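Residues in the sequence shown are numbered consecutively from 796, following this note's numbering.
Just so you know, even glycine gets a beta-carbon here, dropped at the ideal spot from N, CA and C.
No experiment lies behind these values; they were computed from the predicted model shown.
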Amino acid sequence: MLFRFIVKDIKRTWLAVQYSFAGFRSVWQAQWAFRWELLLCVIGMPMAFCFGKTAINKAVLIAVLILLLIVEILNSALETVVDRIGFEHHTLSGRAKDLGSAAVFLAAVNVVVVWLIVLI
Numbered sequence: 796m797l798f799r800f801i802v803k804d805i806k807r808t809w810l811a812v813q814y815s816f817a818g819f820r821s822v823w824q825a826q827w828a829f830r831w832e833l834l835l836c837v838i839g840m841p842m843a844f845c846f847g848k849t850a851i852n853k854a855v856l857i858a859v860l861i862l863l864l865i866v867e868i869l870n871s872a873l874e875t876v877v878d879r880i881g882f883e884h885h886t887l888s889g890r891a892k893d894l895g896s897a898a899v900f901l902a903a904v905n906v907v908v909v910w911l912i913v914l915i
């Protein structure tokens with residue numbers, strides 16, 4: 796009986812990993828902003844190891860870059876749901892998309908501020 800539960804958990808975990816990679820493929824194909832932010836991460840992460848003086852500095856520099864990607868993915872999910880509901884103009888749909896965009900903007904500002912604080 797325990798073996799069945801373990802097998803089920805492994806299957807669920809494997810499916811979750813597959814869904815996650817499908818999400819990465821989707822955001823990569825549909826969102827140019829994500830591609831630019833990922834490029835920023837690819838450049839920024841090695842720089843974090845060079846410029847971070849302590850392990851905490853390095854971790855924080857990398858964490859804010861990853862947070863930017865997370866917020867962008869969530870914003871893309873929000874936009875997808877709003878578009879699924881309908882393409883006609885609605886003030887609430889526009890507000891939802893604007894709020895998601897504002898969250899990405901704040902995450903980008905966070906990257907700049909944290910990097911400046913750590914580097915200066």
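What does the alpha-carbon distance come out to for the pair residue i and residue j?
| i | j | result |
| --- | --- | --- |
| F816 | R807 | 14 Å |
| L860 | E874 | 21 Å |
| I838 | K892 | 28 Å |
| H885 | F900 | 23 Å |
| L834 | S888 | 29 Å |
| E883 | P841 | 44 Å |
| R799 | I805 | 10 Å |
| K848 | I915 | 11 Å |
| N870 | A850 | 30 Å |
| N836 | D878 | This sequence places Cys at residue 836; Asn is not what is there. Between C836 and D878, the C-alpha separation is close to 28 Å. |
| G881 | F846 | 46 Å |
Should residue i be labelled buried (16 or more other beta-carbon atoms within 10 Å of its own) or exposed?
| i | result |
| --- | --- |
| F829 | buried |
| A858 | exposed |
| V812 | exposed |
| V802 | exposed |
Residue j and residue i - do their beta-carbons sit closer together than 7 Å?
| i | j | result |
| --- | --- | --- |
| V822 | I868 | yes |
| N852 | V904 | no |
| A843 | L856 | yes |
Practice task
Take every Cβ of the segment 863-880, pair it with every Cβ of the segment 890-906, and state whether three or more of those distances are shorter than 8 Å.
Solution key: yes
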